[in-house]
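So the sequences go chain by chain: A and B.
Counting in our numbering, the first sequence tops out at residue 440, every number present.
Counting in our numbering, the second sequence tops out at residue 880, every number present.
What follows is one structure encoded as structure tokens, with my remarks underneath.
There are 2 protein chains.
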Amino acid sequence: MSQKSIIIAGGGLTGALAALMLARDGHRVSLYERRGDIRNAEIVHGRSINLAISTRGLTALDRVGLKEEVLEMAVPMRGRLMHGKDRSTTFQAYSSDPNENIYSISRGGLNRFLIEKAAAEENVELHFQHRCEEVDARAGVATFKNDENGETVEVSGDLLIGADGAYSAVRQNLMVGDLFDFSQEYLTHGYMELFLPAAEGGEFPIEKNALHIWPRGHFMMIALPNDDGSFTGTLFWPNKGDGAFSNLKDADQVKRYFAEWFPDVPDLIPDLEKQYLDANPSSLVTIRCRPWVVGKTVLVGDSAHAIVPFYGQGMNAGFEDVRILCEELESHPEDLEEALQSYQELRVENGNAIADLALANFHEMQDHVARPTFLLYKKFSNLLQKLFPGWYRSLYSMVSFSNTPYAEAIRIARSQDQAIRVVFPLMLMIIAVAIVWSLK
Amino acid sequence: MSQKSIIIAGGGLTGALAALMLARDGHRVSLYERRGDIRNAEIVHGRSINLAISTRGLTALDRVGLKEEVLEMAVPMRGRLMHGKDRSTTFQAYSSDPNENIYSISRGGLNRFLIEKAAAEENVELHFQHRCEEVDARAGVATFKNDENGETVEVSGDLLIGADGAYSAVRQNLMVGDLFDFSQEYLTHGYMELFLPAAEGGEFPIEKNALHIWPRGHFMMIALPNDDGSFTGTLFWPNKGDGAFSNLKDADQVKRYFAEWFPDVPDLIPDLEKQYLDANPSSLVTIRCRPWVVGKTVLVGDSAHAIVPFYGQGMNAGFEDVRILCEELESHPEDLEEALQSYQELRVENGNAIADLALANFHEMQDHVARPTFLLYKKFSNLLQKLFPGWYRSLYSMVSFSNTPYAEAIRIARSQDQAIRVVFPLMLMIIAVAIVWSLK
Numbered sequence: 001m002s003q004k005s006i007i008i009a010g011g012g013l014t015g016a017l018a019a020l021m022l023a024r025d026g027h028r029v030s031l032y033e034r035r036g037d038i039r040n041a042e043i044v045h046g047r048s049i050n051l052a053i054s055t056r057g058l059t060a061l062d063r064v065g066l067k068e069e070v071l072e073m074a075v076p077m078r079g080r081l082m083h084g085k086d087r088s089t090t091f092q093a094y095s096s097d098p099n100e101n102i103y104s105i106s107r108g109g110l111n112r113f114l115i116e117k118a119a120a121e122e123n124v125e126l127h128f129q130h131r132c133e134e135v136d137a138r139a140g141v142a143t144f145k146n147d148e149n150g151e152t153v154e155v156s157g158d159l160l161i162g163a164d165g166a167y168s169a170v171r172q173n174l175m176v177g178d179l180f181d182f183s184q185e186y187l188t189h190g191y192m193e194l195f196l197p198a199a200e201g202g203e204f205p206i207e208k209n210a211l212h213i214w215p216r217g218h219f220m221m222i223a224l225p226n227d228d229g230s231f232t233g234t235l236f237w238p239n240k241g242d243g244a245f246s247n248l249k250d251a252d253q254v255k256r257y258f259a260e261w262f263p264d265v266p267d268l269i270p271d272l273e274k275q276y277l278d279a280n281p282s283s284l285v286t287i288r289c290r291p292w293v294v295g296k297t298v299l300v301g302d303s304a305h306a307i308v309p310f311y312g313q314g315m316n317a318g319f320e321d322v323r324i325l326c327e328e329l330e331s332h333p334e335d336l337e338e339a340l341q342s343y344q345e346l347r348v349e350n351g352n353a354i355a356d357l358a359l360a361n362f363h364e365m366q367d368h369v370a371r372p373t374f375l376l377y378k379k380f381s382n383l384l385q386k387l388f389p390g391w392y393r394s395l396y397s398m399v400s401f402s403n404t405p406y407a408e409a410i411r412i413a414r415s416q417d418q419a420i421r422v423v424f425p426l427m428l429m430i431i432a433v434a435i436v437w438s439l440k
Numbered sequence: 441m442s443q444k445s446i447i448i449a450g451g452g453l454t455g456a457l458a459a460l461m462l463a464r465d466g467h468r469v470s471l472y473e474r475r476g477d478i479r480n481a482e483i484v485h486g487r488s489i490n491l492a493i494s495t496r497g498l499t500a501l502d503r504v505g506l507k508e509e510v511l512e513m514a515v516p517m518r519g520r521l522m523h524g525k526d527r528s529t530t531f532q533a534y535s536s537d538p539n540e541n542i543y544s545i546s547r548g549g550l551n552r553f554l555i556e557k558a559a560a561e562e563n564v565e566l567h568f569q570h571r572c573e574e575v576d577a578r579a580g581v582a583t584f585k586n587d588e589n590g591e592t593v594e595v596s597g598d599l600l601i602g603a604d605g606a607y608s609a610v611r612q613n614l615m616v617g618d619l620f621d622f623s624q625e626y627l628t629h630g631y632m633e634l635f636l637p638a639a640e641g642g643e644f645p646i647e648k649n650a651l652h653i654w655p656r657g658h659f660m661m662i663a664l665p666n667d668d669g670s671f672t673g674t675l676f677w678p679n680k681g682d683g684a685f686s687n688l689k690d691a692d693q694v695k696r697y698f699a700e701w702f703p704d705v706p707d708l709i710p711d712l713e714k715q716y717l718d719a720n721p722s723s724l725v726t727i728r729c730r731p732w733v734v735g736k737t738v739l740v741g742d743s744a745h746a747i748v749p750f751y752g753q754g755m756n757a758g759f760e761d762v763r764i765l766c767e768e769l770e771s772h773p774e775d776l777e778e779a780l781q782s783y784q785e786l787r788v789e790n791g792n793a794i795a796d797l798a799l800a801n802f803h804e805m806q807d808h809v810a811r812p813t814f815l816l817y818k819k820f821s822n823l824l825q826k827l828f829p830g831w832y833r834s835l836y837s838m839v840s841f842s843n844t845p846y847a848e849a850i851r852i853a854r855s856q857d858q859a860i861r862v863v864f865p866l867m868l869m870i871i872a873v874a875i876v877w878s879l880k
């Protein structure tokens with residue numbers, strides 16, 4: 001039975017791509033999503049969260065022939081543009097190769113696009129407003145409650161995929177079973193989104209092709225471009241104590257705080273005070289678990305590994321899960337258990353690796369990027385990559401611009417760093433000797 | 441309001457002690473326990489799990505004047521007695537001080553004793569067969585379902601204590617809230633209990649005053665004495681793979697495996713094969729979380745920090761939680777929030793520390809104790825403690841025979857170890873010089 005009947009819980013980005021890719025691979029797919037049909041939702045242009053899509057996400061989209069179409073919806077970002085407290089700006093390219101960009105894209109827009117593509121497949125059934133209530137993981141059976149009419153349906157398949165996000169109901173059911181390792185760890189910081197409108201005539205009010213960062217040591221703001229000239233900004237501030245969101249209680253306090261810490265921002269957000277006071281900050285969590293496979297049930301995306309957003313890899317990692325799951329099902333058409341075990345072996349370590357990297361990048365973004373030594377190091381790293389493209393590749397570059405497994409990328413970066421620590425002083429010595437020699 | 445009305449969820453060891461101690465401190469206590477009344481349960485002598493109680497547990501019992509009574513129920517264990525594969529035995533004392541023992545005691549017996557003592561208090565109400573269904577942590581409100589008549593009761597207090605064990609319903613409710621860090625991590629090994637009957641005339645068939653260990657590198661058996669001459673044995677074997685419980689499927693396989701690895705055990709357990717095949721192995725989990733305090737709700741014991749049993753500290757740590765919670769409530773009679781925050785600050789770090797120590801001791805018990813170098817090190821450590829009692833104290837000794845906070849004990853042990861690494865070679869040098877000098 002190489003054609004399988006597959007149940008997917010969750011119709012977010014990862015679930016929608018899974019439905020589409022599995023259908024293209026010849027499987028029959030039924031997808032159940034808790035929320036309403038995103039095709040009927042009004043996605044206000046530029047008002048939704050945006051994401052950075054990079055090589056891993058694009059590789060998965062390429063497997064279903066959608067890479068180019070998606071890139072047309074996205075805005076390339078060539079590097080980070082840092083905004084100082086004194087309104088100065090500094091640009092730092094992501095790569096020495098001008099073709100290596102990450103791309104800002106609307107979460108809602110991409111989700112709708114993928115649901116539309118999945119719906120167009122003959123062997124895909126989509127069910128909205130269906131909440132996952134119970135799972136028999138070993139048997140691949142799930143019960144969903146239809147929120148419209150209150151009825152429950154029990155469905156079963158050869159395979160049940162939990163693509164239902166950080167607070168996954170499928171995972172919750174696995175957790176009740178024995179020997180399920182799990183951790184959830186909240187970040188000290190939460191986030192709040194702010195909308196930066198386009199300038200007159202749809203112009204971009206700040207540099208279009210960059211990810212903007214206002215690094216302030218222990219907190220920051222970022223902004224990603226939308227394709228209509230607007231930006232989606234996000235504040236990452238502490239949940240409590242000094243600099244917490246709740247410390248600013250009225251328009252005046254908001255105004256003064258931004259004037260002090262983000263002096264160029266109020267000009268970009270005319271209704272800043274209102275937006276700030278109307279918004280509710282959200283928390284950020286890292287979730288890890290194991291196993292990802294129990295019987296006929298498998299986890300993909302945030303339900304298996306929710307990570308903080310600071311490496312721009314959440315969706316990319318989820319799309320990579322889907323691609324590798326499909327490849328493993330293809331490689332083992334007659335042995336589902338083998339395919340799932342192989343998927344798990346390939347992915348769990350990498351889910352943990354990108355979770356660690358994302359947490360580490362939080363400190364890089366809010367603090368290190370503002371330091372001259374860090375910028376020098378990045379320039380040196382880009383230079384090395386240009387000079388020795390076959391030998392040296394920065395960790396950022398491997399994570400964002402390659403499909404090298406995350407854990408492998410970390411190992412390579414470590415051994416490169418060790419080599420540089422040996423080679424760099426040697427090189428300096430050789431240069432010094434050469435100079436002395438030439439002056440003789 | 442120094443007298444508080446307090447709800448306790450859970451009437452196991454920690455919950456029962458909490459009820460008793462809080463009542464003695466003048467509070468009004470209502471305790472709700474999921475199971476039936478342990479006073480009506482038949483506790484088969486020697487057939488229940490036993491525990492090692494040591495200084496921390498005894499200190500807490502002393503606060504309610506029960507230390508001596510409890511010690512009368514217990515069997516002192518002066519050290520570890522290792523059983524080799526060749527039937528040889530080696531004894532290793534826990535301390536150079538013959539008064540420093542740990543005590544084997546019946547879990548069921550002690551639980552019943554504490555429930556009886558709590559029931560005798562005027563301001564304690566006990567409710568059995570009440571299952572915690574919902575908690576409003578901030579408000580200190582809990583809903584319990586009476587399993588006898590199906591009715592639910594909602595109760596509220598100045599303080600709600602979650603003492604409901606590793607799979608705590610109270611903690612489960614906290615977890616749904618925001619910013620609750622949590623992890624559960626299963627050990628590679630599970631456990632199975634075996635009953636070793638007393639010899640004729642109620643004699644102890646093996647050394648009475650010891651904790652017996654059969655260390656086999658990657659798995660082990662232990663046995664603790666009961667006061668009637670019997671022992672409770674526990675196998676700690678892998679959950680899967682080589683040496684897993686499920687590998688032995690019939691009496692013949694059980695017989696041959698024990699003959700190979702535990703040759704002196706079959707003589708001690710006449711119905712070994714039957715016991716083994718009738719039993720279901722259980723898993724072992726480490727649970728950590730934070731916060732332990734949300735609003736008017738606080739966690740104590742396993743619900744806050746479930747640990748593996750290899751340091752014999754699970755109950756001791758829970759009893760210490762109870763003592764320190766009571767002390768903090770006493771120190772801040774008019775400020776509950778301050779008392780709870782102070783309890784949390786004093787305990788969370790220590791909960792994590794004993795969880796780490798218990799995991800580390802697993803490797804010590806099943807492997808290291810069988811090595812001559814380890815035994816030599818332990819002898820050296822005991823000697824140091826005897827020679828420099830004011831300066832040196834082994835980690836085991838601080839954990840088992842003092843009330844030094846666990847994390848502090850680890851720090852002290854580390855700095856002692858560093859000092860020894862410097863002092864020890866110096867001492868050897870001085871001795872060598874002295875010998876050479878004296879031979880001159």
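Note that beta-carbon positions come from the ideal geometry of N, C-alpha and C, so glycine has one too.
Note that the structure is a prediction, hence the values are computed from the model and not measured.
Excluding five sequence positions before and after N843/B, the CB atoms of its chain that fall closer than 8 Å to its own CB belong to T495, R496, T499, E760, given in chain order. Shown here, Y343/A sits in a helix according to DSSP, grouped into three states. S608/B sits in coil when the DSSP states are folded into three classes, being neither helix nor strand. Looking at the DSSP output, C326/A bridges to nothing. Fully contained in the segment 597-647 of chain B are the following alpha helix (DSSP H) runs of length 4 or more, in chain order: 609-616. Taking a Cβ-Cβ threshold of 7 Å, the residues of chain B close to E185/A are D621, in chain order. Judged by DSSP in its simplified three-state form, K440/A adopts coil rather than helix or strand. Proximity of the segment 88-99 of chain A to the segment 129-139 of chain A falls short of the contact definition, fewer than three beta-carbon pairs being nearer than 8 Å. For E68/A, the enclosing alpha helix (DSSP H) stretches over residues 67-72.
Ranked by Cα distance from F424/A, the first of L384/A, R411/A, K440/A, L439/A is L384/A. Within chain B, the C-beta atoms nearer than 7 Å to that of D178/A come from S723, in chain order. In this structure the segment 8-22 of chain A does not touch the segment 275-289 of chain A; the number of beta carbon pairs closer than 8 Å is below three.
Given a length threshold of 3 residues, each whole run of the beta strand (DSSP E) inside the segment 665-750 of chain B is given here in chain order: 671-678, 725-730, 737-739. Counting only the Cα atoms, F374/A lies some 39 Å from A849/B. Beta-bridge partners assigned by DSSP to R468/B: S445/B. Contact between A757/B and H745/B is confirmed by a C-beta separation of about 7 Å, below the 8 Å threshold. Annotation: A874/B to L866/B spans about 12 Å, alpha carbon to alpha carbon.
Going by C-alpha positions, E561/B is about 12 Å away from L457/B.
Beta-bridge partners of Q532/B (DSSP): R520/B.
Beta-bridge partners of W654/B (DSSP): M661/B. Only N239 from the segment 230-244 of chain A bring a Cβ to less than 8 Å from some Cβ of chain B.
About 7 Å separates the CB atoms of D158/A and K296/A; that is less than 8 Å, so the two are in contact.
The closest CA to that of S397/A, considering only A407/A, N382/A, Y191/A, is found on N382/A.
Cβ contact annotation for Q624/B (same chain, cutoff 6 Å, sequence separation greater than five): V725, I727, in chain order. Each residue's CA atom was taken as its position, placing G108/A and Y631/B some 49 Å apart. Comparing alpha-carbon positions, the option among L619/B, D618/B, G602/B lying closest to R611/B turns out to be G602/B.
Counted as a single uninterrupted DSSP element, the alpha helix (DSSP H) harbouring A500/B occupies residues 495-503. For E133/A, the enclosing beta strand (DSSP E) covers residues 130-136. With a cut-off of 8 Å on Cβ pairs, the segment 802-809 of chain B is in contact with the segment 644-661 of chain B, counting three or more such pairs. Just so you know, the alpha carbons of C289/A and G450/B end up roughly 28 Å apart.
The criterion of a C-beta distance shorter than 8 Å is not satisfied by N551/B and L491/B. Following the DSSP letters along the chain, one finds F584/B inside the beta strand (DSSP E) bounded by residues 581-586.
The secondary-structure analysis by DSSP pairs I545/B across a beta bridge with L491/B. Straight through space, the alpha carbons of S596/B and V734/B are spaced by roughly 15 Å. Within the same chain, and ignoring the five residues on either side of V70/A in sequence, the residues whose Cβ sits closer than 6 Å to its Cβ are L61.
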